[in-house]
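Offset between the sequence shown (1-based) and the numbering used here: plus 2.
What follows is a single structure, written as structure tokens, with notes after it.
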Amino acid sequence: MDILYTLSGFAVGAIVGLTGVGGGSLMTPLLVLVFGVHPATAVGTDLLYAAMTKAGGTVAHGRKGHIDWTITSRLALGSIPAAAITLWILSQLPKGSNAIGAIIANGLGFALLLTAVAILFGRKLRDYAAQHDDSPLRQCCLGKITVAVGAILGVLVTISSVGAGALGVAALFFLYPKLSPVKIVGSDVAHAVPLTLVAGLGHWMLGGVDWALLGSLLLGSLPGIWLGTQVSAKVPEHILRRILASMLVLIGSKLVFA
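Below is the structure:
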């Protein structure tokens, strides 16, 4: 089984390297639906997996000046408290019941459907935002809106482990259409590290992390990400993203309506 986990980590890592998205969006439902891992354990393990893998990305982006720390701070100002509150609510649910598993499974399905929309319509959202960049609401309240978006991401990521990647990038493109794509991605990756770390440690305290599983996933995913990055220029990205979005719709629908 450890070998299968490692191979799965490699496959998901390769998809992340190819498309830039798909980590939590594929890893968590894969663990739940294919390997039968409890939803709470799958989410908690994937959160710490994301924190470790994205920490390296943050260092790389930071050295190249690809992170807007003001935006990252605004997101964290909303997401970290929201994650803490969400974890507290989960901790108050009856122990031994399936309430936490049901909430996480439904939250995961909802987050996957949102992610699919973000992947499919991200470019149209960016074009719309660029045309309305000078709106009065954006001019007066951009900072507060960014904090609110961070809070929404904090809840989604804590419940489902999904949202820190594709949803975060889509939101930042919508809020900051004039910012370069590489800074959008860098800022989102930097924000994801403290968010997934706090949420992952919270799930660990709730008993929702499998450390052996985490090690097996990392063993496969790191070379997978490297390989996917190397061949990404040779594969039509728009085709891969549409396939990925279709998969997320199917998986999310299964989790929500099962």
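Glycine is no exception: its CB is placed at the ideal position from the N, C-alpha and C atoms.
Treat the numbers as computed from the prediction; the structure is a model and nothing was measured.
Its chain contains V149, G152 as the residues whose beta carbon lies nearer than 7 Å to that of L79, once the 5 sequence neighbours on both sides are disregarded; these appear in chain order. Remark: C-beta atoms of V191 and T60 approach each other more closely than 8 Å. Inter-residue distance for G111 and A166 is about 15 Å (C-alpha atoms, whole angstroms).
For K66, the three-state secondary structure derived from DSSP is coil. For A13, same chain residues with a beta-carbon under 7 Å away, outside a window of 5 residues either side, are G226 in chain order.
Taken atom to atom, the span from the alpha-carbon of L116 to that of R125 is near 15 Å. By the 16-neighbour rule on beta-carbons within 10 angstroms, V34 is buried. Scanning I17, Y51, L224, L77 for the CA closest to the CA of I147 turns up L77. Per DSSP, D212 lies in no alpha helix (DSSP H) segment and is marked neither H nor E. For N100, no alpha helix (DSSP H) run applies, since DSSP gives it neither H nor E. Counting along the chain, G204 sits inside the alpha helix (DSSP H) bounded by residues 183-207. Shown here for G254: same chain residues with a beta carbon closer than 6 Å to its own, the five before and five after excluded, namely G111, L114, L115 in chain order. Relative to the Cα of A84, the nearest Cα in the group I241, G209, A173, V159 belongs to V159. Ranked by Cα distance from L144, the first of T72, G204, G230, S10 is T72. Taken through DSSP and simplified to helix, strand or coil, S163 comes out as coil. Within the stretch 5-86, no run of beta strand (DSSP E) reaches 3 residues while sitting entirely inside it.
The Cβ neighbour count for G67, taken over all protein chains shown within 10 Å, is under 16; the residue is labelled exposed.
D129 carries a helical assignment under DSSP once its states are collapsed to helix, strand and coil.
Proximity to D136 across G217, P179, S27 peaks at P179, based on C-alpha coordinates. K180 sits in coil when the DSSP states are folded into three classes, being neither helix nor strand.
In terms of Cβ geometry, V211 and T47 form a close pair [threshold 8 Å].
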